[in-house]
Each structure stands twice: as structure tokens, then as C-alpha cells.
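Note sheet for the following structure.
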Amino acid sequence: MKVTKAAFVKSFAEKARLKLPYPNQIAFAGRSNVGKSSILNSLLNRKNLAKTSSTPGKTRMVNLFSVNDSLHFVDLPGFGYARVPKSMQKNWKDLVEATLIGNPNLKGMVLIIDARRGLQDEELTFLEWLKIQAIPTLLIANKIDKLKKQELATQLGHIKRTLKAEWPDGEGIHVIPYSARTGAGKPELWREILSLIQT
Ligand SMILES: Nc1nc2c(ncn2[C@@H]2O[C@H](COP(=O)(O)OP(=O)(O)OP(=O)(O)O)[C@@H](O)[C@H]2O)c(=O)[nH]1
Ligand SMILES: [Mg+2]
């Protein structure tokens, strides 16, 4: 995908303002620090359009970006950040549900995990929820530049087995190994995003 134009549109922090009228939305979610904002930037060939940080919990609002005046990326706040108080965790849930449920412009979800850590309880719970909501989902195993080839193969094996065990007769969730640092996986992720938009 040739990105000719990418721009920050706005941030949302309140449920009431979340009836987003923007077409062709792809949402990005994952625990804090997995690289949601970095992946967005890598897809858009921009260094810091979505703010990145080595301090987890940087993105606390829903940030909306427009791409080529035709699709929209929704950067969701990170979940499962331990130091966030319980009330914030509830806010996260409310905010994310308000963004995703009953949103006819939402075409799919990109759930990002750290390839080194694999799928944990929070992600499995979220995947289950996405399935109930019938939101098409891609799974990204990010930061593969931190793994040796053999380690990556082992981790991907774990991830695929876990998915298979949880959804034995599902059509399967597409897993894409990725590195926001090197750009590995970018053509494949773009391909999958465009196919979500086109369905
Ligand atoms: N080595 C490596 N580091 C990465 C990669 N992607 C992101 N990072 C680093 O991980 C840290 C967190 O990245 P962000 O993109 O801010 O993560 P986030 O998921 O948006 O975090 P929150 O907004 O806090 O939820 C930064 O220091 C990034 O440079 C990657 O593919 N490889
Ligand atoms: Mg972020």
C-alpha cells in the first residue's frame, strides 16, 4: 500500500464522543508497550505520528488517524498495565467497548502481542470477546528483531497451538510475525488490512 497522506485526526477520551463517523476503521490493541503506536508509524512510514514511549501506558486515549483520505487507524490505549489503578482498567474497558461495539465503520482489529511473551490470559479473554462481537481479528507477534530465528519458530509454534486449543474448530486467526523496528511483516499486514477493508 502506498501511503501518500497520513494525518492525526483527533483524540477521544469520553464514551459520548465515540460514535465515530469515520469510514473504514482498523483498530490497534494490545497490552501497554507491545508497540501499537510503533506499528502504526511503521505502516504509515512516519517516525512519530503516533506517539511512542518506553514508558508503558503512554497512550491513554483513543487516537484516530486518517490514511490516504480513505481509511482510518484507531490507536487504542494499552491494556493490562499493572500500575494502572482498577478504576483506570474499568475506564479502558468502557472506552474500548464504546469505540468498538455497534460501530458499523469498524472493519477489523489488529491485536498485537510481544513475540517473546506470547498469548497471555488478557489476550485470550480479549480474543474471546472479539469473537463474540464478530470483529475480524489479525494477531501480530511484534518485536521479532529481539528473537533468534529458532526462538521465533518456537514462539510462533506456541502461539498457534494456543489458538488451536482455544478455538479447535475455528477458521483460525491469522498470525503475522512483525518488527516495527525493521519493517518485517509490513507487506503482509498491509495486505491483510486491505482485505479486511474490502470485505
Ligand atoms: N526492538 C523493538 N522495539 C520495539 C518494536 N516496536 C516497538 N518497540 C519499542 O517498544 C516501546 C513501546 O513502543 P510503543 O509503540 O510506544 O508501544 P505502545 O503499545 O503504543 O505503548 P502504549 O501506548 O504505552 O500502550 C518503544 O520503546 C518502542 O521503540 C519492535 O518491533 N522492536
Ligand atoms: Mg501507544
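With the sequence shown counted from 1, adding 5 to any position gets you this note's numbering.
Just so you know, even glycine gets a beta-carbon here, dropped at the ideal spot from N, CA and C.
The model shown is predicted, which means the values in this text are computed figures rather than measured ones.
Restricted to the segment 124–188, the alpha helix (DSSP H) segments that are unbroken, complete and at least 4 residues in length are 126–137, 154–171, listed in chain order. When C-beta atoms of the segment 34–45 are compared with those of the segment 141–148, three or more pairs fall below 8 Å, so the two segments count as touching. At the C-beta level, F33 and V115 come within 8 Å of one another.
Counted as a single uninterrupted DSSP element, the stretch harbouring N46 is not any beta strand (DSSP E) but the alpha helix (DSSP H) occupying residues 41–49.
Comparing C-alpha distances from P109 to each of E156, I178, P141, E171 shows the shortest one belongs to P141. In this structure, Q30 places its C-beta atom within 8 Å of the C-beta atom of V79. Under the 10 Å beta carbon count, R36 is surrounded by 16 or more other beta carbons and is classified as buried. For S200, the enclosing alpha helix (DSSP H) has its first and last residue at 191–203.
Selection S58, W195, T104 evaluated against F17 yields T104 as nearest (Cα-Cα).
Bridge pairing for A12: S71 [DSSP]. Rounded to the nearest angstrom, the gap between the Cα atoms of D99 and G83 is 13 Å.
Per DSSP, the beta-bridge partners of R36 are F84. Looking only at V180, S59, V67, H77, the smallest Cα-Cα distance to A11 is reached by H77. The beta carbons of K191 and S58 sit no closer together than 8 Å. Fewer than three Cβ pairs drawn from the segment 152–168 and the segment 195–202 lie within less than 8 Å of each other, which leaves the two stretches out of contact.
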